[in-house]
Structure formats: C-alpha cells, structure tokens
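If you count the sequence shown from 1, you need to add 81 to reach the numbering used here. These notes concern the structure reproduced below.
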Amino acid sequence: MKQFVVGTLLSSAWFMVAGAAPEPAGSPGAADYVQSIADWRAEREEELKGPAGWLNLAGLYWLEPGATSMGSAPDNDIVLSDLPAAPYLGDFVWENGIVEFRADPGAEVVSNGERVTQLRLVHDEEGDPTVLTHGSVSWHAIGRLDRMGVRLRDLNHPAVSTFPGIPAYPTDSAWRVEARFEPYARPEERILTTVVEGLGWKPTAPGVLAFEFGGEPLSLEAYAAGPGFLLIFADLTTGKTTYPAGRYLYAFASRRAGGTVTLDFNKAINPPCAFTDFATCPLPQRRNRLTVAIEAGEKYAKLNP
C-alpha cells in the first residue's frame with residue numbers, strides 16, 4: 082500500500098511586482114520610496130501568514146492512477162495522524178488526467194460553503210484550484226507535468242504564529258533599474274528542474290530582459306507570468322546571505338520589442354521552498370546565474386535552525 086504520513090513545516094515566500102523609476106538619494110520622493118518598500122514587505126509577510134500563504138502547509142502527496150484514500154486512520158493511503166481529521170475523509174480518484182474527490186459519507190467535507198459528496202477538482206495549472214476543507218484542514222490538487230498531487234494545509238499551523246519575519250537588505254533605489262525587453266523570434270518552452278527530484282516545471286520564455294549595473298551589461302531570461310514576467314535568478318550572494326536555491330522577481334511590462342521594464346531588486350523574494358518542505362520551486366537555469374552580487378531584496382535565515 083502507498084502510504085504517507087504528515088511531516089512538519091520547515092521554511093519560504095511568494096510574490097509582488099516591481100514599481101517605477103528610481104528617486105535620487107535625498108530627494109523628497111526617496112523617503113516615500115523607502116516607505117513603499119516597507120509597506121510592501123509588511124503586506125507580503127501578512128500574505129505568507131494568510132490562509133493561502135506558504136507557512137501553513139502540512140503535506141504534499143503525489144497521487145497514483147486510481148483511488149487514493151485520505152484520513153486519520155492508519156489504513157489510509159494518506160494518513161493525517163497529527164491533524165484534527167475524521168478517520169476517513171474520502172478518496173481522490175485520478176484517471177485520464179482528471180482528479181475527483183469522493184467524500185466518505187461520515188465526513189463533512191466542504192467546498193465554497195457546500196458539502197461535497199463527489200466533485201471534480203480543478204488543479205492549480207488549470208486555473209484557481211478547487212479548495213476543500215474539513216474543519217481546520219484544507220487541501221487542493223496541483224498538476225506538475227504528467228504528475229498530480231495534493232497540497233495539504235493546517236489552517237492552525239503553529240508556524241504562522243511563530244513566524245519571525247523575513248530578513249532583508251536595506252532598501253536602496255540604486256537596485257531599481259530599467260531593463261530592455263528583447264523578445265525571441267517566437268516564445269520558447271523551457272523545462273526547468275525543481276527542488277523536487279524528478280519533477281520539472283514547463284514555463285514559456287518570451288525573451289530576455291537586458292540591463293546594466295555598475296557599467297556591466299547583464300540579462301535574465303524572463304518567463305511569462307500573467308500580464309508580466311517572472312525572473313528566477315541566482316547571483317554572487319546566493320548560498321551566502323540569500324537563499325541557496327536562488328530568488329524570484331516579478332515585473333509588469335508590455336511585451337513589445339525594445340519596451341522598457343522596471344526591475345526593482347528591492348522586491349527580490351525567496352521562493353516558497355525557503356519556507357516549507359512542501360513546495361516544488363523551479364531552480365535558476367545556468368544563463369540566469371549573474372556574475373554580480375545583488376545586495377537587495379530578501380535575505381535568508383532558516384526558520385528552525
């Protein structure tokens with residue numbers, strides 16, 4: 082029998098987008114900019130601690146074709162031994178790329194305020210995932226290439242109340258730079274390795290963002306992310322003062338050739354896997370490993386050293 086037991090949370094982050102052009106040091110707008118970054122960081126930490134944040138994750142389980150049972154009883158495939166769950170919550174049934182949840186008649190499982198008996202689950206690569214709850218336990222399906230998983234949350238997770246915040250470099254508007262979008266002839270698909278061995282992530286790369294810092298020309302391949310870009314990068318701080326698996330940066334932009342994009346590295350963030358063992362973070366590819374030290378944005382400190 083395929084069996085998993087809920088583990089404990091260790092440690093990471095999520096996102097927001099970049100802002101406008103830098104203010105000269107000492108200008109009236111400089112103090113406003115520093116405050117705007119402080120406000121942004123406070124909002125980001127509140128999102129991390131929220132019900133859809135990364136701090137309350139309590140498990141990640143990969144389904145096999147057919148039925149996978151879940152509950153607190155030890156004969157389930159997914160055993161929720163340390164969570165306040167009914168002995169038998171129900172079965173995930175994954176067939177032909179579709180996953181359903183079939184609730185046990187004795188368990189109260191809810192989605193959008195309605196009790197569930199049988200429900201087809203939208204997973205996260207299809208759109209907003211279908212969220213199911215049972216008391217303080219919550220879960221939804223995630224799709225990763227040809228695999229299907231279940232992400233579990235404990236809405237009363239102790240990591241939320243004990244979260245110490247995220248260390249960061251002092252805000253410095255010099256790290257708010259203008260980049261030029263250089264599109265590929267046509268968008269290219271990539272398969273990036275992730276922190277989960279054997280699992281990949283398949284983004285679309287529409288082109289690169291080219292910029293300069295300290296007179297040195299630099300560029301990062303960008304991945305499509307809604308109306309803007311996601312950058313996954315490493316630099317000379319990686320594994321020293323910043324997270325060993327790299328950092329993320331989001332930016333809004335028009336995707337026309339030669340268009341300018343503001344990259345605010347003060348908003349460079351740790352990936353989710355810095356906060357939890359139950360994330361599937363993609364890693365920076367070789368061409369996105371910068372030869373400069375980006376001393377801006379979030380630093381890294383283990384939550385439970």
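Cβ atoms here follow ideal geometry from the backbone N, Cα and C, with glycine treated the same way.
Asked, Found
"Cut-off 8 Å between Cβ atoms - residues of its own chain near Glu206, not counting five sequence neighbours on either side", "Ile223, Gly224 and Arg225"
"When Gly340, Ile159, Asp163 and Lys383 are compared against Thr323, the one with the closest alpha-carbon", "Lys383"
"Start-to-end residues for the alpha helix (DSSP H) that takes in Ala123", "Pro109 to Lys130"
"Beta-carbon proximity list for Glu176, same chain, < 8 Å, skipping 5 on both sides", "Pro146 and Gly147"
"Backbone secondary structure at Arg271 - three-state DSSP", "coil"
"Integer Cβ distance of Ala139 from Asp235, believed to fall under 8 Å", "4 Å"
"Where the beta strand (DSSP E) through Val218 begins and ends", "Val218 to Arg225"
"Residues near Glu269 by beta carbon distance below 7 Å, same chain, minus five either side", "Ala286"
"Simplified DSSP assignment, three categories, for Ser242", "helix"
"Assumed close pair Leu141, Arg271 - CB separation to whole angstroms, cut-off 8 Å", "About 23 Å; that fails the 8 Å criterion."
"Neighbour-count burial assignment, Glu189, 16 or more Cβ in a 10 Å radius", "exposed"
"Candidates Ala374, Arg125 and Phe182: closest to Arg468 by CA position", "Nothing can be reported for residue 468: it is not among the residues displayed for the chain, which extend from 82 to 386."
"Ranges of the beta strand (DSSP E) found wholly within the segment 307-352, counting only runs of at least 3", "309-314, 328-333 and 341-345"
"Validate contact between the segment 341-352 and the segment 365-379 using beta carbons, cut 8 Å, 3 pairs", "yes"
"Simplified DSSP assignment, three categories, for Ser153", "coil"
"At least 3 beta-carbon pairs within less than 8 Å: the segment 155-165 vs the segment 260-267", "no"
"Glu278 to Ala111 span [Cα, whole Å]", "44 Å"
"Same chain, Cβ closer than 7 Å to Gly307, neighbours up to 5 away in sequence not counted", "none"
"Nearest residue (CA-CA) to Gly187, options Ala167, Asn193 and Thr243", "Ala167"
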